[in-house]
Amino acid sequence: MTYAVSEIRSAGRPRKKRLTKAAIEPWLYLSPAIVLLVVVLLVPLIIGISYSFRKFSAFKSEYVGLGQYQAMLSDAVLGQALINTLWWTVASLFFQFFLGLGLALLLDKPFYGRRIVQAVVFLPWAVPSFLSGLTWAWLFNPIIGPLPHWLFALGLKAEPTNVLSDPATAMWGPIVANIWFGIPFFAITLLAALKSIPSELHEAAAIDGASPWQRFTKVTLPFLAPTIVITVMLRTIWIATFADLIFVMTEGGPAGSTSTVPVYIYVSAFKSLDKGYASAVAVLLLVLLIAYAIGLIAIRRTLVRHV
């Protein structure tokens, strides 16, 4: 009896070791990526948040607690930057999404020269953002660019002046550049989602007498909904934290009319040398975007359950 029990125990030890090894082995494979994420993402995030509780001067820093966050409450420039960020994000996202969706629907249909059109549509995504901003700034310059003269010829402007030099219209310059730059993202992702929809569903709907609009709203759109939510969420975060185009084209001017929160963070940290306040504003932007992402993810789960 004693021999049988000891034999069972000895047989159970290798099984326990195998289970332990099976539990640890995946983490060993993931460890390089985990270490990289911790070093590149988590550590700078913690350091940045810690900076928001300190006040930096030329040669020293001191702990001020929530002082930087209290200062944000009375910062009118930050308030304007938040409004600019909302306007910049919503306008860019609206046109990027609908133009990208239209191109995806067009490219989903077979026609002569479709591959050439695909290459042209996806080209802006391959252009560096710095070069895009520089090119669009030249296009809006009435001395070397055609756009002011076209707007004047169409009667949209009283004279061919630079759109970027007028506080009332300056934000439209980076928005137009960002629309051109971001359309391929939606076109690529939505085209891939369209390819995954079974063609039998459209054929069955057509046999039942559904119109093209009914097939789009009742078949295509429900299948695209989860992809739309996740792409809109990602693109919103990228646009809201994107400062390259604006800084290259206007540097936040004129008179702060194009200064978004990322631009304000850059100016506070590297021009005003107030790293503590810049970190506090960055934390505010992080919290707002996390809340936005949580809301959209909840919406996506609801859509997935109903598709």
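The numbers in the UniProt record's numbering rise by one with no breaks, and the one at position 126 of the sequence shown is 126.
Think of the CB as a built atom: it goes at the ideal place given N, C-alpha and C, for glycine as much as any other residue.
Local Cβ density within 10 Å of L147, reported as buried at 16 or more and exposed below that: That one is buried.
Which of helix, strand or coil DSSP assigns to I8: The predicted model places I8 with a pLDDT of 47, which falls under 50 and marks its position as unreliable, so this point remains unresolved.
Cα-Cα separation, S272 to D166: If I take the Cα positions, the gap works out to 25 Å.
Whole-angstrom distance between I34 and F95, CA atom to CA atom: 37 Å
Beta carbon of S92 nearer than 7 Å to that of I179: yes
The stretch 71-84 in contact with the stretch 244-264 per 3-pair CB rule at 8 Å: yes
Inter-stretch contact (C-beta, 8 Å, three-pair minimum) for the stretch 190-205 and the stretch 166-176: no
Any 3 or more C-beta pairs closer than 8 Å across the stretch 143-160 and the stretch 237-246: no
Validate contact between the stretch 211-230 and the stretch 281-289 using beta carbons, cut 8 Å, 3 pairs: no
Inter-residue CB distance, M233 and A293 (contact presumed, cutoff 8 Å): Contact holds; Cβ gap of about 6 Å.
Under the three-state DSSP convention, the category A291 falls into: helix
Among L194, K60, T20, nearest to G276 - alpha-carbon criterion: Proximity to G276 across L194, K60, T20 peaks at K60, based on C-alpha coordinates.
Rounded separation between I8 and T20 - CA only: Residue confidence is low: I8 scores 47 on pLDDT, short of 50, so the model does not pin down where it sits. Its coordinate-derived value is still stated next. Going by the C-alpha atoms only, they are around 18 Å apart.
Alpha-carbon to alpha-carbon, V64 and F122: 48 Å
Nearest-angstrom Cα separation, counted from L164 out to T250: 7 Å
Anticipated Cβ contact below 8 Å, Y264 with F247, distance rounded: Not confirmed; about 11 Å, so no contact.
Residue span of the beta strand (DSSP E) that contains K55, given as start and end: 54-56
C-beta atoms of I197 and F223 nearer than 7 Å: Yes.
First through last residue of the beta strand (DSSP E) which encompasses E200: It is not in any beta strand (DSSP E) - E200 instead sits in the alpha helix (DSSP H) that spans 199-207.
For E62, the three-state DSSP class (helix, strand or coil): strand
F242 - DSSP class collapsed to helix/strand/coil: coil
beta-carbon L288 near the ligand MG non-hydrogen atom, thresh 6 Å: Looking for the ligand MG in the displayed structure turns up nothing, as the structure carries no ligands at all.
Three-state class that DSSP yields for I144 in the structure shown: Correct three-state label for I144: coil.
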